[in-house]
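Protein chains: 2
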Amino acid sequence: MSVSAQPRTPLSPTPRSTLNRSKERARGDRADLDAVLDAAFLCHLGVLLGGTPVVIPTIYGRDGDTVYLHGSTGAGNLRAALAGEVSLAVTLVDGLVYARAAMHFSANFRSAVVHGRPVEVTDPDERLRALRIISEHAAPGAWDTVRPPNKKEMAATLVIALDLTEASVKVRTGDPRDEPDDIAAGTAWAGVLPLRQVWDAPIPSADLSPGIDIPDHVRNRYAEPAIR
Amino acid sequence: MSVSAQPRTPLSPTPRSTLNRSKERARGDRADLDAVLDAAFLCHLGVLLGGTPVVIPTIYGRDGDTVYLHGSTGAGNLRAALAGEVSLAVTLVDGLVYARAAMHFSANFRSAVVHGRPVEVTDPDERLRALRIISEHAAPGAWDTVRPPNKKEMAATLVIALDLTEASVKVRTGDPRDEPDDIAAGTAWAGVLPLRQVWDAPIPSADLSPGIDIPDHVRNRYAEPAIR
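Note that the protein sequences, when read in sequence, are chains A and B.
Every letter in the first sequence is one number past the one before it in full-length UniProt numbering, and letter 14, counting from 1, is 14.
Every letter in the second sequence is one number past the one before it in full-length UniProt numbering, and letter 130, counting from 1, is 130.
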């Protein structure tokens, strides 16, 4: 993950977003946070529902210092997100780390966790813009080629915004960190088995009208790594 | 996801594990839950810490009706998991669903969310067995080839168990579900862009002693889909 070309702006960590363990994996620059958020499109949102935590997988989009989420106005879990603090985690696993000792097995990964109190987006223009940002984050180039949301769809949609001011980023790369005695013993293989996501060939919908080609914004994703 | 060969045992859903929306995506069989849990190795655990939800990415293993997790005894987040209810989510994204209308974009996925109150595993034999189950879940075949945990490592490790009695499973597959008017208009492509995880060629550790070949349990994962 190269961030050298970006201006360095420190994250402002709070006690709960400060890593107490494996500090060497911590990344304290705002560009590192953006890089993780921009590389994935699925997050896991933790909300408090009836006094207990509930984790919801959902897609998201980022615009500057804001993460947008959306869902149905009837979704109790997303409504619960507006009642208090939430935690939003984005995790990309880049490989499994095989060590000489069981307890040194690990994973190479990029991880961001954002904490904060989300707000409902109510301004009509910002609501539409947020939906476009979420859509373009998961399916770049598609928004302008499809029917935009109508009034009924907009009325049924809840859009929420979460500020990025409180977050932590962790990144692990490279070889296992084995004990010297285990390395010297030389009895087990050690290394990394890289993992990545790939798109496969697009599958047209069974009800697609004849003569509609696969657009470039879909075709060009295939054979590219899905996750940078 | 084929579960037809398995005996059908209904999940026992509670209100919070009963889907109120998109009910057609709900799967109510215990075998469906096992299939999702066994296909992935990363989960997102939601715990309550200082009154607010915190989401932690971590690996896990399953043994029958129990999910095992582990971490450092110094990890406050995992300690917090033992203080109350948790939510554990496992999500596999199988593709992006391109529709003719922005609000009908979707993802094909397999998702499981488990709710419950975890307990610390204290019996020495079960602790070691749980660590083996977690390791073999992420890195099958490796445990017996590496140095097992020593006393110091075991003392520094927290192992927790979560029962699978309260869970929900959602699966989405196939084409977009567009409005008839949008399908008839025929102005946009619609279909699925499949997504999957793949292993790349193993990379030996820089400090690996000469003459140690890549073992079959690592080599054989490469070129196989990582996520079934």
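C-beta atoms are modelled at their ideal positions from N, C-alpha and C, and glycine is treated no differently.
Using the Cα positions of residue 156 of chain B and residue 104 of chain A, report the straight-line distance between them to the nearest angstrom.
13 Å
If I'm right that residue 36 of chain A touches residue 169 of chain A with Cβ under 8 Å, what's the distance once you round it to whole angstroms?
6 Å
Kindly list the residues whose CB is nearer than 6 Å to the CB of residue 67 of chain A, restricted to its own chain and excluding five residues on each side of it in sequence; keep chain order.
60, 162
Mind checking residue 95 of chain B: buried by the 16 CB within 10 Å criterion, or exposed?
buried
Cβ pair residue 86 of chain A, residue 47 of chain A closer than 7 Å
yes
Since residue 33 of chain A is in the alpha helix (DSSP H), which residue starts that stretch and which ends it?
30-39
Going by DSSP, name the residue or residues bridged to residue 158 of chain A.
A:71
Residue 143 of chain A (DSSP reduced to helix, strand or coil)
helix
Looking at the structure shown, is residue 110 of chain A part of a helix, part of a strand, or coil, going by DSSP?
strand
If the criterion is Cβ atoms closer than 7 Å, does the pair residue 93 of chain B and residue 195 of chain B meet it?
yes
Around the Cβ of residue 216 of chain B, are there at least 16 other Cβ atoms within 10 angstroms (buried) or fewer (exposed)?
exposed
Who does residue 170 of chain B pair with in a DSSP beta bridge?
B:26, B:111
Kindly say whether residue 133 of chain B, judged by its beta-carbon, lies nearer than 7 Å to any beta-carbon of chain A.
no
So the beta strand (DSSP E) residue 92 of chain B belongs to, where does it begin and stop?
86-98
Where residue 45 of chain B and residue 56 of chain A are concerned, what is the direct C-alpha to C-alpha distance, given to the nearest angstrom?
10 Å
Using only the alpha-carbon positions, how far apart do residue 64 of chain A and residue 33 of chain A sit?
11 Å
At a CB distance below 8 Å, what residues from the stretch 151-177 of chain B approach chain A? Give them in sequence order.
153, 157, 175, 176
Straight-line gap, residue 186 of chain A to residue 122 of chain B (C-alpha atoms, nearest Å)
32 Å
If you drop the 5 nearest sequence neighbours on each side, which residues of the same chain put their C-beta closer than 8 Å to that of residue 109 of chain B?
91, 92, 93, 94, 170, 171, 172
Helix, strand or coil for residue 211 of chain A? Go by DSSP, reduced to three states.
coil
Cut-off 7 Å between Cβ atoms - residues of its own chain near residue 81 of chain A, not counting five sequence neighbours on either side:
45, 47, 118, 160
With DSSP as the reference, please indicate the residues paired to residue 101 of chain B in a beta bridge.
A:147
What's the gap between the Cα of residue 190 of chain A and the Cα of residue 149 of chain B?
16 Å
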